[in-house]
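K.L.:
If you're matching positions, the sequence shown starts at 3 in the numbering used here and goes up one per residue.
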Amino acid sequence: MNGAGPAEEPDGGGALAGRQVALIDLLDRLLNGGAVLTGDLVLSVADVDLVHINLRAVIRSITSDEPAPW
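(1) Quick check on R31 - is its C-beta less than 8 Å from some C-beta in chain B?
(2) Can you name the start and end residues of the alpha helix (DSSP H) that G35 belongs to?
(3) What residue does the beta strand (DSSP E) around D51 start on, and which one ends it?
(4) Please return the same chain residues whose Cβ sits closer than 7 Å to the Cβ of D49, not counting the five positions on each side in sequence.
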């Protein structure tokens, strides 16, 4: 490995290796399979944590053949 190009995965490259993907295609794949987004937010002053927030969101499409979860 000489560091001149992108690192290759051991299985010969991922599904998106060397390809440009449009944003709409990425969103389509995301909504078809679903995703979980997580994050942490910490507000601090002088190294004293004042607020700590954990964020979690599930993104998934809802189709008419599946009942609504609520």
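We treat Cβ as the ideally placed atom computed from N, Cα and C, and that holds for glycine.
Remember, it's a predicted structure, so these values are computed and weren't measured experimentally.
P.N.:
With the structure as the only source:
(1) Here there is only one protein chain, and chain B is not present.
(2) L25 to G35
(3) V50 to I61
(4) none
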